[in-house]
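Peer 1:
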Amino acid sequence: MKNFQIIRALSSRTAVTNISKEKEAMFIAGGTNLVDLMKKNVVAPDKLIDINGLDLKKIEFLKGKVSIGALAKNSQVAEDATIKEKHPLLSLALAAGASQQIRHMATVGGNMLQKTRCSYYYNTDMPCNKRTPKSGCGAIGGSNRMHAVFGASDSCIAVHPSDMCIALAALDAQVLVEGPKGKRQIKFTDFHRLPGNTPEKDNNLEAKELITAIEIPDHNFTKNIHYLKVRDRTSYAFALVSVAAALDLKNNVIKDVRLAMGGVAHKPWRLTEAEEFLKGKTVSEEIFRQAGDLAMKGARTYGGNDFKITLGANTITEALIIAASK
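By the count of the UniProt record's numbering, the sequence shown reaches residue 326 at its end, each step adding exactly one.
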C-alpha cells in the first residue's frame with residue numbers, strides 16, 4: 001500500500017469541495033472494502049476524504065417515506081425497530097450480508113459502492129477490464145462459477161456483491177447525492193450500471209459526487225416478504241444467487257409483487273417481467289414455479305456457472321413460497 005494523506009470533512013459541502021480539488025482522491029467512511037482494495041494495490045488514492053464527521057447517520061420516518069443517511073451503519077438500519085416493522089425486507093437483506101463485526105463498521109453508502117469480489121479484479125497479475133480497461137476479462141474462459149448470467153458483456157461478467165442493494169432495488173428506493181453541480185436524485189434501479197464497454201464504471205454517480213441518503217417510499221410489503229440467499233456456507237459468504245421477494249396479498253390473490261435477484265448481474269437485477277406475470281394470480285406453487293422459469297429466460301452462462309439457471313429458478317420459487325406462507 002502506498003502512502004496517502006487523510007483530510008477530514010465536517011460537512012457535505014466541504015467534502016465535495018475537498019475532493020473536487022484532488023485528482024486522485026476518494027471518500028472513506030467505514031472502509032471495509034476500500035482498505036482491502038488499497039492493501040492489494042487495486043486502488044491507490046493519494047488522498048482520502050474522511051466523511052465520518054458528516055451529519056448523515058440519521059434514520060428519519062417522514063410523510064410517505066423513510067430517509068436513511070448514507071453514513072448509517074448497516075447494523076443500525078437492520079436492527080432499527082421501525083425499519084423491521086415498515087421495511088422488513090431491507091432488514092432481512094442487511095442481516096444476510098457479511099459478519100456482525102463488518103455490519104457494525106460498514107455504512108449504507110459504502111455498501112452501495114462496494115466493488116465486485118471477482119478474483120480476477122483483486123489479482124493485479126491477471127487481466128481485468130474493470131481494474132485495467134482493455135486488458136481483457138480473465139473470467140471469460142476462466143474460473144467463473146460466481147459470475148453473471150444476466151446483463152454481462154464481452155468486457156466483463158462480474159457480479160455486484162451487495163445484499164442490501166437487492167432489497168433496495170425491489171423497494172423502489174431513491175438515491176440522494178450531492179456534488180459540484182448541486183443536489184439530485186437517482187432511482188435506485190438506475191444507480192448501478194451494466195458493464196457494456198466500460199466495466200470500470202460501476203454506477204451513474206458523476207465525478208466527485210457524494211451519496212447523502214437513501215429514501216424508500218411507504219408500501220404494503222410488510223408481512224409477506226422474504227430474502228433468500230444461497231451461498232457456499234451459512235456465514236460471511238457472498239451469494240451464488242439471492243432473491244428479494246415481497247407480496248401484497250388479498251384473499252390469497254397477488255395484488256402487487258416485487259422481485260429482485262443478486263449474484264446474477266453487474267447490478268441488482270429487478271425481475272419486472274415475472275412481477276407482471278404474478279399480478280392478479282392466485283397464490284400457488286405452480287404459479288411461483290412458472291414465475292421462476294420466466295425470470296431465468298434469456299440468461300447466458302459461461303461454463304462454470306451453468307448451474308445458476310436451475311438454481312435461480314428454484315430460489316425464486318422457494319422465496320415466493322416462503323413469503324406467501326407468512
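By construction, the Cβ of each residue, glycine as well, lies at the ideal position given by its N, Cα and C atoms.
Computed from a predicted model, the values in this text were never measured in an experiment.
For the stretch 276-317, list the alpha helix (DSSP H) runs that are entirely contained and at least 4 residues long, ordered along the chain.
Peer 2: 285-295
Peer 1: Helix, strand or coil for residue 104? Go by DSSP, reduced to three states.
Peer 2: Looking up residue 104 in the sequence shown gives position 104. DSSP places residue 104 in helix when its eight states are reduced to three.
Peer 1: Mind checking which residues open and close the beta strand (DSSP E) that includes residue 185?
Peer 2: Taking the sequence shown and counting its residues from 1, the one referred to as residue 185 is at position 185. Segment 182-187, the beta strand (DSSP E) holding residue 185.
Peer 1: Count the other C-beta atoms from every protein chain shown that fall within 10 angstroms of the C-beta of residue 108, then say buried if there are 16 or more, exposed otherwise.
Peer 2: Position 108 of the sequence shown holds residue 108. It counts as buried.
Peer 1: Return helix, strand or coil for residue 69, following the three-state DSSP convention.
Peer 2: Start at 1 with the first residue of the sequence shown, and residue 69 comes out as number 69. In this structure, DSSP gives residue 69 an extended state, which the three-state scheme calls strand.
Peer 1: Using alpha carbons as the reference points, say which of 175, 206 and 296 lies closest to residue 270.
Peer 2: Here the question's residue 270 lines up with position 270 in the sequence shown. Comparing Cα-Cα distances from residue 270 to each of 175, 206 and 296, the minimum goes to 296.
Peer 1: Only counting runs of 4 or more residues, tell me where the alpha helix (DSSP H) segments fall wholly within the stretch 10-34, in order along the chain.
Peer 2: 12-20
Peer 1: Start and end of the beta strand (DSSP E) containing residue 260?
Peer 2: Reading the sequence shown from its first residue, position 260 is the one you call residue 260. Counting along the chain, the beta strand (DSSP E) containing residue 260 begins and ends at 253-262.
Peer 1: Measuring CA to CA, which of 284, 239 and 153 is closest to residue 413?
Peer 2: What is shown of the chain runs 1 to 326, which leaves residue 413 out entirely.
Peer 1: Using a threshold of 8 angstroms, state whether the C-beta atoms of residue 8 and residue 50 are closer than that.
Peer 2: By one-based count along the sequence shown, residue 8 stands at place 8. By one-based count along the sequence shown, residue 50 stands at place 50. Contact: yes.
Peer 1: If you run the structure through DSSP and keep just helix, strand and coil, what is residue 123?
Peer 2: Position 123 of the sequence shown holds residue 123. Coil.
Peer 1: Grab the span of the alpha helix (DSSP H) containing residue 76 for me, first residue to last.
Peer 2: Walking along the sequence shown from the start, residue 76 turns up at place 76. Counting along the chain, the alpha helix (DSSP H) containing residue 76 begins and ends at 74-79.
Peer 1: Whole angstroms is fine: what's the gap from residue 74's alpha carbon to residue 95's?
Peer 2: As a position in the sequence shown, residue 74 is number 74, starting the count at 1. As a position in the sequence shown, residue 95 is number 95, starting the count at 1. Roughly 8 angstroms between the two C-alpha positions.
Peer 1: Just reading off the beta strand (DSSP E) that residue 167 is part of, what are its end residues?
Peer 2: Taking the sequence shown and counting its residues from 1, the one referred to as residue 167 is at position 167. Here residue 167 belongs to no beta strand (DSSP E); instead the alpha helix (DSSP H) covers 164-170.
Peer 1: For residue 197, which three-state DSSP category applies?
Peer 2: Taking the first residue of the sequence shown as position 1, residue 197 is located at position 197. Reduced to three states, the DSSP call for residue 197 is coil.
Peer 1: Does the beta-carbon of residue 81 have 16 or more other beta-carbons within 10 angstroms, so that it is buried, or is it exposed?
Peer 2: Counting from 1 along the sequence shown, the entry for residue 81 is found at position 81. It is exposed - the Cβ of residue 81 has fewer than 16 other Cβ atoms within 10 Å.
Peer 1: With DSSP run on the structure shown, which of helix, strand or coil describes residue 54?
Peer 2: Counted from its first residue, the sequence shown places residue 54 at position 54. Residue state, collapsed to three classes: coil.
Peer 1: Tell me whether residue 47 sits in a helix, a strand or coil according to DSSP, three-state version.
Peer 2: What you label residue 47 is simply residue 47 of the sequence shown in a count that begins at 1. Residue state for residue 47 is assigned as strand, using DSSP reduced to three classes.
Peer 1: Could you tell me which residues DSSP pairs with residue 227 in its beta bridges?
Peer 2: Taking the first residue of the sequence shown as 1, we reach residue 227 at position 227. BP columns for residue 227 point to 244.
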